[in-house]
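Visitor: Take a look at this one; I'll ask things after.
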Amino acid sequence: MDVAPIDIASRLDDEHRPVFEGMPRPQRDWSDIPGTRERMAEMRASLPQPVLPASVAIEDVTVPGPAGDPDVPVRLYRPEALLQPAAALYWIHGGGMVMGNVEMNDPYCANIADKLNVLVASVEYRLAPEDPFPAPLEDCYAGLAWLWRSREEFGLDPGRIAVGGASAGGGLAAGVALAARDRGEIPLCYQLLVYPMLDDRNETRSSYAVTDGRTWNRESNDAGWNAYLSGNAGGDDISPYAAPARATDLAGLPPAYINVGDLDLFVDEDVAYARAMADAGVPVELHVYPGAYHGSNGAVPTSVLSRRWAADELAALGRALGG
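In my numbering, the protein residues as written are 34 to 356.
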C-alpha cells in the first residue's frame, strides 16, 4: 500500500506535543526483546511512583492455569466498602504481547475499583516469544474462569462481569470474549477495549502511516505479532482468538466500548472491528480522539484531552457495571 508516513508531531494535541517531541527514538530494539523489556522496566521504575487509593486492598493470588500449564498470577483490587452483589472488571495489561506486567496498571485498576466500587482482577499472563499463542490467551482465559468459579466467594453478580484491556491487552480481551462466547462457560456483560491490538496482517492505511519510532509503529507491530504468532504474522489459518480482526462471526458478543486516538497505528483496525461488531448486532460505543497517539492518554494524563478520555471511559464502564 502506497501511504505517506504521518508527521505525528504536527497533528498532536497541543498539550501532548512537548512530551512526544521529548521522547527518544527509537525506543525499542526488537532484535533483543528481553533487553527491551529490561530497559522499559527501568524507565518505568525511574518515574515517580503513584499514590494508590488507600481504600482499595491489593492482593496477589495464584490460580489454576490452563490444563498442563503453570498456574497463573492474578492481582485483585478490592474496595474496603465493596457493595454486594458486586460487579467485576477482569483486566489484561498491554505490552505488544512481549512486554508489560500487572504492576504497570496498578493506578488504573485501583482507580476503577475505587471510583466504581467494583472488584478488579488483573492477570499476569505469559509473554511471547518465549510463550507464543495460545499460551497468553489461555492464561487470560484461565484467570477469568477462576474468577467466574469464585463468584460466590467474592459476592459477585454473575450478570455484571466485564473483560477489558489496553493495546495488546485489548486484543487479548477481545480474544477472551470470543472464547467465552464459543465455549459457553462465562456470560460476560461487557468488553472494554482500549486501543486494542487486533489484526496481525498489518495492512490498514494507519498501519503503514505510523512509522515514528517514538510510538508503537509499524516495526513494533510486526515484531510483536511475529513473536506472538511464532513468525507467522499475516499468514494463513491464524486463529481469530489470536487476532480477533480475523473473526468472521461476531454475533452474540457482549456490548463493547472501543477508544483510540486518530494518530494511533491501530485506529483503522479498531474502527473496522467496531463496525463489524455493530453489523453483527453487537451494541458498540466507539470514540476516536483527534490529536492522540498510541498511549498518549497515559503519557500526558493531566491534559484536557486525556481527562476527557478517562472520564468518557469510566462513565461507560460505570453504565455497563451499574447495578
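Don't be surprised by glycine CBs; every beta carbon is placed ideally from N, CA and C.
In this text the structure is predicted, and so the values were computed from the model without any measurement.
For E302, count neighbouring C-beta atoms within 10 Å of its own C-beta (all shown protein chains included) and say buried if the count is 16 or more, exposed if not.
Guide: Working through the sequence shown from its first residue, we reach residue 302 at position 269. Label assigned to E302: buried.
Visitor: State the beta-bridge partners of T95 as determined by DSSP.
Guide: Here residue 95 corresponds to residue number 62 of the sequence shown, with the count starting at 1. DSSP lists P106 as partners of T95.
Visitor: Return the first residue and the last residue of the alpha helix (DSSP H) that W342 is part of.
Guide: In the sequence shown, counting from the first residue as 1, residue 342 sits at position 309. Counting along the chain, the alpha helix (DSSP H) containing W342 begins and ends at 337 to 354.
Visitor: Taking E113 as part of the alpha helix (DSSP H), name the residues at either end of that continuous run.
Guide: As a position in the sequence shown, residue 113 is number 80, starting the count at 1. Note, E113: premise wrong, no alpha helix (DSSP H); not H, not E.
Visitor: Restricting to Cα atoms, I'd like to know which of W124, H327, P99, P229 is closest to A168.
Guide: Within the sequence shown, residue 168 is the residue found at index 135, counting from 1. Of W124, H327, P99, P229, the residue nearest in Cα terms is P99.
Visitor: Would you mind stating whether A206 and L226 have Cβ atoms separated by less than 8 Å?
Guide: For the purposes of this step, residue 206 is taken as the residue at position 173 of the sequence shown. For the purposes of this step, residue 226 is taken as the residue at position 193 of the sequence shown. In contact: A206 and L226 (Cβ atoms closer than 8 Å).
Visitor: Of all the alpha helix (DSSP H) runs that stay within the bounds of the stretch 280 to 330, which reach a length of 4 or more residues?
Guide: For the stretch 280 to 330, whole alpha helix (DSSP H) runs of length 4 or above, ordered along the chain, are 300 to 312.
Visitor: Between the C-alpha atoms of A260 and A114, what's the straight-line distance to the nearest angstrom?
Guide: Counting from 1 along the sequence shown, the entry for residue 260 is found at position 227. Counting from 1 along the sequence shown, the entry for residue 114 is found at position 81. Taking the straight line from one Cα to the other gives about 42 Å.
Visitor: Contact defined as beta carbons within less than 8 Å: I believe G204 pairs with P287. What is the distance between those atoms, to the nearest angstrom?
Guide: The residue labelled residue 204 in the question sits at position 171 within the sequence shown. The residue labelled residue 287 in the question sits at position 254 within the sequence shown. The pair is not a contact, with the Cβ atoms about 16 Å apart (cut-off 8 Å).
Visitor: Can you check whether the CB of T95 is closer than 8 Å to the CB of D102?
Guide: Counted from its first residue, the sequence shown places residue 102 at position 69. Counted from its first residue, the sequence shown places residue 95 at position 62. Against a cut-off of 8 Å, the Cβ pair of T95 and D102 comes out as no contact.
Visitor: Is it true that the stretch 317 to 326 meets the stretch 55 to 68, where meeting means three or more beta-carbon pairs spaced less than 8 Å apart?
Guide: Result no; under three Cβ-Cβ pairs closer than 8 Å.
Visitor: Considering only their Cβ atoms, is the gap separating T248 from Y374 smaller than 8 Å?
Guide: Residue numbering for the chain in the displayed model covers 34 to 356; residue 374 lies beyond these limits and cannot be assessed.
Visitor: Would you mind reading off the limits of the beta strand (DSSP E) that contains D233?
Guide: Within the sequence shown, residue 233 is the residue found at index 200, counting from 1. Note, D233: premise wrong, no beta strand (DSSP E); not H, not E.
Visitor: Pick from V107, A119, R340, Y274: whose alpha carbon is nearest that of I125?
Guide: Residue mapping note: residue 125 aligns to position 92 of the sequence shown, counting from 1. If we check each option's Cα against that of I125, V107 comes out closest.
Visitor: Find out if the Cβ-Cβ distance for the pair H49, S263 is shorter than 8 Å.
Guide: Sequence index remark: in the sequence shown, residue 49 carries index 16 (1-based). Sequence index remark: in the sequence shown, residue 263 carries index 230 (1-based). No, these two residues do not count as a Cβ contact at 8 Å.
Visitor: Secondary structure at L160, three-state DSSP: helix, strand or coil?
Guide: Looking up residue 160 in the sequence shown gives position 127. Coil at L160, not helix or strand.
Visitor: Taking 8 Å as the threshold, find out whether the stretch 39 to 56 comes into contact with the stretch 232 to 251 through three or more Cβ pairs.
Guide: Yes, they touch.
Visitor: Alpha carbon to alpha carbon, how far is E185 from L177? Give it in angstroms, no decimals.
Guide: Along the sequence shown, read from residue 1 onward, the residue named residue 177 stands at position 144. Along the sequence shown, read from residue 1 onward, the residue named residue 185 stands at position 152. Cα-Cα distance, rounded: 14 Å.
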